[in-house]
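Trainee: Handing you a structure now.
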Amino acid sequence: MDTKALEKFCPWARNKLIGAVKDRCALYGLTDAGRAAAPRSSRVFNGRVLSDEEMRQRDNLMTRIEEMGFEAFVEQVAYSWFNRFAGIRYMELRGYLPSRVRMLSAADGSFDPECLRAAGELDLPGLDRDRALDLAARGKDDALFPLILIAQCDQLAEALPAVFDHVDDADALLLPDGLLNRDENSVLYHLVTDIPEKTMKRVEALGWMYQFYNSELKRDYLDSGRKAAAEDIAPATQLFTPDWIVRYMVDNSLGRLWMLNFPESRLIERANAEDPDERLMEHYIQPDKEHEDFIHITGPEDIAFCDPACGSGHILVYAFKMLAAMYEERGYPAREIPQLILTRNLSGMEIDPRAAQIAQLALAMCAREMDRRFLERSVVADVRVLESVTFDEDELPETSLLVQHKKGDLLESLAHLSEIGSLLTVDEEGLACVRGDAETCTRAAEHDLLLTGAAKKLAKARAACETLSRRFDVVVANPPYMGSSRFNPFMSKWMKKRYPNVKSDLFAAFIVRTMDYADDHGEVGIMSPFVWMFIGSYEKLRNKIIDEKTLTSLIQLEYSGFASATVPICTFTFHNTHIDGYMGGYIRLSDFVGASVQAPKALEAIQNPDCGYFYRADATTFHDIPGSPIAYWASKAVHKAFLDNPRLGDLADLKMGLSTGDNDKFYRRWWEVADNRITRGCKSFEQAGNESEKWFPCNRGGKYRKWWGNITSVIDWQNHGEGILTFRKNGRLASRPQNLTWSFKPGCSWNLITSGETSMRLIPSGMMFDQAGCMAFPKESRITSAELLSLINSSVGNYFLKLINPTLNCSPGIMNLVPINLSADSTDINELELEAIALSRNDWNSQEISWDFKRNPLL
Numbered sequence: 026m027d028t029k030a031l032e033k034f035c036p037w038a039r040n041k042l043i044g045a046v047k048d049r050c051a052l053y054g055l056t057d058a059g060r061a062a063a064p065r066s067s068r069v070f071n072g073r074v075l076s077d078e079e080m081r082q083r084d085n086l087m088t089r090i091e092e093m094g095f096e097a098f099v100e101q102v103a104y105s106w107f108n109r110f111a112g113i114r115y116m117e118l119r120g121y122l123p124s125r126v127r128m129l130s131a132a133d134g135s136f137d138p139e140c141l142r143a144a145g146e147l148d149l150p151g152l153d154r155d156r157a158l159d160l161a162a163r164g165k166d167d168a169l170f171p172l173i174l175i176a177q178c179d180q181l182a183e184a185l186p187a188v189f190d191h192v193d194d195a196d197a198l199l200l201p202d203g204l205l206n207r208d209e210n211s212v213l214y215h216l217v218t219d220i221p222e223k224t225m226k227r228v229e230a231l232g233w234m235y236q237f238y239n240s241e242l243k244r245d246y247l248d249s250g251r252k253a254a255a256e257d258i259a260p261a262t263q264l265f266t267p268d269w270i271v272r273y274m275v276d277n278s279l280g281r282l283w284m285l286n287f288p289e290s291r292l293i294e295r296a297n298a299e300d301p302d303e304r305l306m307e308h309y310i311q312p313d314k315e316h317e318d319f320i321h322i323t324g325p326e327d328i329a330f331c332d333p334a335c336g337s338g339h340i341l342v343y344a345f346k347m348l349a350a351m352y353e354e355r356g357y358p359a360r361e362i363p364q365l366i367l368t369r370n371l372s373g374m375e376i377d378p379r380a381a382q383i384a385q386l387a388l389a390m391c392a393r394e395m396d397r398r399f400l401e402r403s404v405v406a407d408v409r410v411l412e413s414v415t416f417d418e419d420e421l422p423e424t425s426l427l428v429q430h431k432k433g434d435l436l437e438s439l440a441h442l443s444e445i446g447s448l449l450t451v452d453e454e455g456l457a458c459v460r461g462d463a464e465t466c467t468r469a470a471e472h473d474l475l476l477t478g479a480a481k482k483l484a485k486a487r488a489a490c491e492t493l494s495r496r497f498d499v500v501v502a503n504p505p506y507m508g509s510s511r512f513n514p515f516m517s518k519w520m521k522k523r524y525p526n527v528k529s530d531l532f533a534a535f536i537v538r539t540m541d542y543a544d545d546h547g548e549v550g551i552m553s554p555f556v557w558m559f560i561g562s563y564e565k566l567r568n569k570i571i572d573e574k575t576l577t578s579l580i581q582l583e584y585s586g587f588a589s590a591t592v593p594i595c596t597f598t599f600h601n602t603h604i605d606g607y608m609g610g611y612i613r614l615s616d617f618v619g620a621s622v623q624a625p626k627a628l629e630a631i632q633n634p635d636c637g638y639f640y641r642a643d644a645t646t647f648h649d650i651p652g653s654p655i656a657y658w659a660s661k662a663v664h665k666a667f668l669d670n671p672r673l674g675d676l677a678d679l680k681m682g683l684s685t686g687d688n689d690k691f692y693r694r695w696w697e698v699a700d701n702r703i704t705r706g707c708k709s710f711e712q713a714g715n716e717s718e719k720w721f722p723c724n725r726g727g728k729y730r731k732w733w734g735n736i737t738s739v740i741d742w743q744n745h746g747e748g749i750l751t752f753r754k755n756g757r758l759a760s761r762p763q764n765l766t767w768s769f770k771p772g773c774s775w776n777l778i779t780s781g782e783t784s785m786r787l788i789p790s791g792m793m794f795d796q797a798g799c800m801a802f803p804k805e806s807r808i809t810s811a812e813l814l815s816l817i818n819s820s821v822g823n824y825f826l827k828l829i830n831p832t833l834n835c836s837p838g839i840m841n842l843v844p845i846n847l848s849a850d851s852t853d854i855n856e857l858e859l860e861a862i863a864l865s866r867n868d869w870n871s872q873e874i875s876w877d878f879k880r881n882p883l884l
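Numbering of the sequence shown is given in the numbering used here, commencing with residue 26 and proceeding in unit increments.
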């Protein structure tokens, strides 16, 4: 699907709609300045006197603005109209509008709304027919169109209340002007003319429109560097999941459950459907063997499927299609299937009401495609918006069960539900407390109207907690990605308490949470950054998955394999209990560069497991390698190397150097400093304290280079580093003076961060080192510098490093784990290594940036 037109249109439309709504607000004195200058009793604005009805409408809007704030209010009104416009455009192109009349275009696709020519024939219950006919007769299209549009929205609100909602008089007051204009400012004109009909007729276009609509909000937040407020989290973390990954996850969770129960099912044959939109199970990876450890069902009605971070509903839409095929296979009448799916099978949770609106609309459109009378059946998809429930001080009595439960822990979490969303776990005791309070307060409110507000809030809290306490047969999600550096204070504290082993990122906490959402023996599908597979901070998560669950399949994308994300991605499925000896199916796309080739290469591997990048592995063998990385491609010989040999950390001391807190202040290149102000030849950290000069040589890593070189920097270590050791920013120590006593010792250095292979160089004595230029100090009785350099600079050494952690970072903790085989005669290795060092040193010294440069070798 080509999304370029959507990507251009949606953020532009957002800005235009916000501007148009603000213009309407200004007409009625609703801006911040207008409200300050004109109290509620004001009646005259911009030279015109408001009617009593308009006064009532203005008063209504002022109350909403005071509750939300002006900017948030305008944003809400703008996106509400955007969602309505997008929904109506999709429905008119698909022929789903109940009136069967196009609202935004003519039959030939031009921007000439058909409804204007059929005003007398429109079957819209809320339309003032006499007024419409009068306006049509007088050619007052600019007045007629809003009248028809609002009536159409009201009609659709009966079937899709979360999306369209009834346009009350106050909302109508802010409907943008000039809807029929054909200029550069007309949102509807560009919606019709700029976006191809073939694009807008696809249901996934609705999800893409949501993501692109928020793209500027996301970019502004990411560029700001600020901690995430509640309103930032949704736009900052929403990513529309690629269609092929959605299919892979659902095929290998929902589809897997079906095939395990009904191995004779012909659902698998849908993988070869001629129409790509009709294909199902195309990405299904067959189990390695038959087993009985799964949830047994009698038919599709038994399946409960959930996406706990559903966004605009892409995963739910494909699950709908697969469930529909299951019902059809079992002989259910077509017109009954949509209602069964939406009421029996599918559930979604979301913190952003805008995304939830799109998800509900998308599912309704799937249902309408199967049942032409679906919009008349008053069936609403189960997509729960998790909104904060905040109680005023003393609004709940001290005897409240919620107040007493774990010292108000659940109560505090509910107050931040718009931030933590479906990560919140509600145990049976907590659920009983909120149910008890809700029932007690509801009864009391019948006799005391002052309790009505608290009763409504408790009912909302109860509904949320009941949703959060459910379990499902299948759970599939592309959870939000946000690192702890962007957490606000509450989120940081809450994550440390609730998810201590995965507190560094939301996605990892969601992986753990899906384990609770899924029933025992259930199936789970996840898309996430792939760092959890390798780095040390996620070792406990890996162990939990390996030891307690069963990895049934995994696809590791190439580093740039997902264009919308700034991190490398994987997608995987697991069975929610452990199956001994299970050989999961793994696909490694690391060698195939670019987002466009990931889908075809994954499909090729599924269809041809002998392709060379499809692997079978028992996840328990990952424990053979230190840290238990998900190194599914490692051979038996590699496993043996880790099991039978010592680690590099046993043979050398591996250290990360200091961080100054301000490199521009404390570092120089050696040629920027007078030579007599640089101390060379210092043998120890203690000796450096007795030197009077300001500058000392410092190893800071550098470009890819083996054996010798990258020695160009000096560091301000005057008075034994007093400036760095006491350097503060914002009242805190900004430097990190670690491993200082290892300074000035000879050793081997490698770069902390590298996008390619790791290279190691010999570092002579007399130098300090910082965090970018990590150091290894060989224990000479165990290994020589020459042996260490020869291993790490070899293809074997780099293979082990990429196996342990194929990310950009190669910390001492990673280098520590490399296996070392010392059984071979190292005489030849040492001779070759010394020759390589000498050649590299001569090459380095032939460059003017070397301290030992004498003359250009070409002269």
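Note that the Cβ used here is the ideal one computed from N, Cα and C, for glycine as well.
Measuring CB to CB, does S865 end up less than 8 Å from W695?
Mentor: no
Trainee: Taking the alpha-carbon of F769 as reference, which of A132, A381, T783, S790 has the nearest alpha-carbon?
Mentor: Residue S790 is the option with its Cα nearest to F769.
Trainee: Pick helix, strand or coil for L582, following the three-state DSSP scheme.
Mentor: coil
Trainee: For my contact list, L442 and V414 are in at a C-beta cut-off of 8 Å; report their separation, rounded to the angstrom.
Mentor: 6 Å
Trainee: Under 7 Å from any heavy atom of the ligand GTP, does the C-beta of G686 make it?
Mentor: The ligand GTP is not part of this structure, which contains no ligands at all.
Trainee: Could you give the DSSP three-state label for C835: helix, strand or coil?
Mentor: coil
Trainee: List the endpoints of the continuous alpha helix (DSSP H) containing P427.
Mentor: Looking at the sequence itself, residue 427 is Leu, so the reference to Pro does not match. Its alpha helix (DSSP H) spans residues 426-429.
Trainee: Should P358 go down as buried or exposed, given a rule of 16 or more other Cβ atoms within 10 Å for buried?
Mentor: exposed
Trainee: Measure the C-alpha to C-alpha separation of S19 and A230 and round it to an integer number of angstroms.
Mentor: Within the shown structure, residues of the chain are numbered from 26 to 884, placing residue 19 beyond reach of any answer.
Trainee: In whole angstroms, what is the alpha-carbon distance linking P312 and G561?
Mentor: 30 Å
Trainee: May I ask you to report which of helix, strand or coil DSSP gives D193?
Mentor: coil
Trainee: My assumption, with CB atoms under 8 Å, is that P844 sits in contact with A666. Please give the rounded CB distance.
Mentor: For a cut-off of 8 Å, the C-beta gap from P844 to A666 is around 5 Å, short enough to register as a contact.
Trainee: Quick check on the burial criterion: 16 or more other C-beta atoms within 10 angstroms. Buried or exposed for N841?
Mentor: Burial call: buried.
Trainee: If you run the structure through DSSP and keep just helix, strand and coil, what is S553?
Mentor: strand
Trainee: Where do the N-terminal and C-terminal ends of the beta strand (DSSP E) with W775 fall, by residue?
Mentor: 772-776
Trainee: Helix, strand or coil: which one does DSSP assign to E592?
Mentor: Strictly speaking, residue 592 in this sequence is Val, with Glu absent from that position. In this structure, V592 counts as coil in the three-state DSSP scheme.
Trainee: Tell me the DSSP secondary structure of H603 in three-state form.
Mentor: coil
Trainee: Give me the Cβ distance between A801 and N776, rounded to the nearest whole Å; I'm assuming they're in contact under 8 Å.
Mentor: Contact between A801 and N776 is ruled out by a C-beta separation of about 13 Å, above the 8 Å threshold.
Trainee: Rounded to the nearest angstrom, what separates S249 and E256 at their Cα positions?
Mentor: Computed Cα separation, rounded: 14 Å.
Trainee: Within the chosen definition, does the segment 820-830 reach the segment 625-634 through at least 3 CB pairs nearer than 8 Å?
Mentor: no
Trainee: Figure out for me which residue from L476, G44, L205, K708 has the closest Cα to the Cα of D419.
Mentor: L476
Trainee: So for A162, helix, strand or coil by DSSP?
Mentor: The three-state reading of DSSP puts A162 in helix, counting H, G and I together.
Trainee: Using a 10 Å radius around the Cβ and a threshold of 16 neighbouring Cβ atoms, would you call M93 buried or exposed?
Mentor: exposed
Trainee: What are the start and end residues of the alpha helix (DSSP H) that includes N108?
Mentor: 95-119
Trainee: Decide if the segment 563-576 is in contact with the segment 640-654; the criterion is three or more beta carbon pairs, one per stretch, under 8 Å apart.
Mentor: yes
Trainee: Run through DSSP, which three-state label would T716 get?
Mentor: Rather than Thr, the amino acid found at residue 716 in this sequence is Glu. E716: coil per DSSP, three-state reduction.
Trainee: Under the three-state reduction of DSSP, which class applies to F721: helix, strand or coil?
Mentor: strand
Trainee: Among the candidates P504, L285, D202, L149, whose CA atom is the shortest distance from the CA of R49?
Mentor: D202
Trainee: Distance, Cα to Cα, L888 vs D179?
Mentor: With the chain covering 26 to 884 only, the question about residue 888 has no answer from this structure.
Trainee: Near T602, what residues of its chain come up, given a Cβ to Cβ distance below 8 Å and the 5 sequence neighbours on each side ignored?
Mentor: D318, D545, H546, E573, K574, T575
Trainee: Please list, in chain order, all residues of the same chain as E241 whose beta carbon is under 8 Å from its beta carbon, the five residues on each side excluded.
Mentor: P36, R39, N40
Trainee: If I follow the unbroken beta strand (DSSP E) through D202, where does it start and stop?
Mentor: Neither: D202 is in no beta strand (DSSP E) and is coded neither H nor E.
Trainee: Tell me where the alpha helix (DSSP H) around I655 begins and ends.
Mentor: Per DSSP, I655 belongs to no alpha helix (DSSP H) and is neither H nor E.
Trainee: Using C-beta distances below 6 Å, list every residue in its chain close to I808, excluding the 5 sequence neighbours before and after it, in chain order.
Mentor: L676
Trainee: What does a CB cutoff of less than 7 Å around I293 pick up in its chain, not counting 5 residues either side in sequence?
Mentor: Cβ-Cβ distances below 7 Å link I293 to M284, M306, Y309 in the same chain, with the five nearest sequence neighbours on each side left out; the list follows chain order.
Trainee: Would you say A406 and L371 are within 8 Å of each other, going by their C-beta atoms?
Mentor: yes
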